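In the UniProt record's numbering, the protein residues as written are 1 to 453.
Beta carbons are placed, not taken as given, at the ideal position from N, Cα and C, and that holds for glycine.
Predicted, not measured: the structure shown is a model, and the values here were computed from it.
Notes to accompany the following structure.
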């Protein structure tokens, strides 16, 4: 779940819990006030009933008139006057809990409600004895008011949680907005533009610290890339120059007609090892450059079928005994889907490595190169009938200096495929492999179709 969604959910949950609590408190206190008010009305009637019936005097008629003229008759209102015997015994006029009658006798008054029926009782002492006065009535209007209040609270609750959700969305949006800005800025930075930095934010909050941390990290990365590029440039010059001198001097020595056979053999060994060392050096430098530089120098639109033909020609020159067959049967009618963006020299090197490996490890049997494409991607499939790759070693073939266990009788350094993988990754592509030992190997390169069509 995204942080913005988490903030919205947390805000919504807390607000909803708060609304539920507030509504519950409101309903509880309104209910309590409603019940208390109705009990007070009953108790007023209890006192009037006592003045009229328990303490009859010249004012009783006035009390009776007040009750009749000015007090609203409650629904299902009934009064009960019970005389207590000297022994404390009395006849219960209503089926009420014993605690109600005990409270009236011991505390002087009591309240009780059952569903919509309310009961209020008081104890009055006279010279003629003790009397218990009980008034009972129903309170449907009070319950209707509570039902109406409940509906209002529910409606207000749902409106409030909807507004809370909207406020939470807005709140989380503005809370996460600086983080999204940082993410967009970071996504724009790659090996091509390591000089870029994130804009410093005002204030000293956590986002500002995050921006400073990213910028410090970019400073270290830029320094590391610059160091790597300087090493590649210097090593390329420092290593190639001695190799060229050794190769030239060996060739010059071999051109001497009066050279003895023993010296000629030694010169050939020197030349062979110098060329091998030059090839290793070139491959290592290429691997380092493609793995750490990644700058899009000299990129252009490349027609892949033409690239394949160039690779076939270069492989033939390197290994005259190679047998490469190009299959264009699956080419699309729309040639715009045959173009990709990239560096033609790097792609030629990558594809040449794969084709040369296919020829070498199949002892120059037929190697087929097939080209296919759709609107989004181009596929280059190189198939051979060579020695294959053991199943448990296929996951390691793109690791530098790794060589399969069945390739010991073939020359190689374990650099070509890692170099190829780096080149294809630079071009936003991928490499897949299907291989079975002693049957053959299929290497599939996927490249994106040029976006400029």
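Is residue j closer than 8 Å to residue i when the C-beta atoms are compared?
i	j	result
residue 339	residue 449	yes
residue 122	residue 43	yes
residue 364	residue 321	yes
residue 12	residue 164	yes
residue 423	residue 356	no
residue 310	residue 382	no
residue 222	residue 194	yes
residue 386	residue 420	no
residue 377	residue 434	no
residue 166	residue 34	no
residue 277	residue 268	no
residue 177	residue 8	no
residue 133	residue 46	yes
residue 135	residue 49	yes
residue 91	residue 101	no
residue 200	residue 186	no
residue 458	residue 403	One cannot answer for residue 458 here, as it falls past the ends of the chain, which runs 1 to 453.
residue 119	residue 96	yes
residue 126	residue 82	no
On the DSSP bridge list, what partners appear for residue i?
i	result
residue 111	120
residue 125	130
residue 300	342
residue 440	436
residue 324	367
residue 136	78, 119
Leaving out five residues on either side along the sequence, give the residues of the same chain with a beta carbon under 8 Å from the beta carbon of residue i.
i	result
residue 274	243, 246, 247, 250
residue 307	344, 347, 348, 351
residue 325	366, 367, 368, 369
residue 314	348, 352
residue 5	172
residue 299	341, 342, 343
With DSSP collapsed to three states, give me the class of residue i.
i	result
residue 449	coil
residue 294	Because residue 294 sits at a pLDDT of 48, beneath the cut-off of 50, its placement in the model cannot be relied upon, and the point is left open.
residue 313	helix
residue 91	coil
residue 380	strand
residue 373	strand
residue 83	strand
residue 248	helix
residue 430	strand
residue 78	strand
residue 255	coil
residue 14	helix
residue 330	coil
residue 415	coil
residue 203	coil
residue 19	helix
residue 388	coil
residue 234	helix
Only counting the same chain, and skipping five residues up and downstream in sequence, which positions put a Cβ closer than 6 Å to that of residue i?
i	result
residue 416	353
residue 214	198
residue 74	137
residue 103	110
residue 80	93, 134
Suppose the cutoff is 7 Å on Cβ atoms and the five residues either side in sequence are ignored; what does the same chain contact list for residue i look like?
i	result
residue 328	305, 371
residue 432	444
residue 23	153, 157
residue 396	402
residue 360	410
residue 302	339, 340, 342, 344, 347
Let's test the definition: count the other Cβ atoms within 10 Å of the Cβ of residue i and tell me whether it reaches 16, buried, or not, exposed.
i	result
residue 39	buried
residue 51	buried
residue 25	exposed
residue 373	buried
residue 99	exposed
residue 14	exposed
residue 342	buried
residue 427	buried
residue 41	buried
residue 401	exposed
residue 2	exposed
residue 108	exposed
Hey, is residue i's beta-carbon within less than 8 Å of any beta-carbon in chain D?
i	result
residue 375	Here chain D cannot be found, since the structure has a single protein chain.
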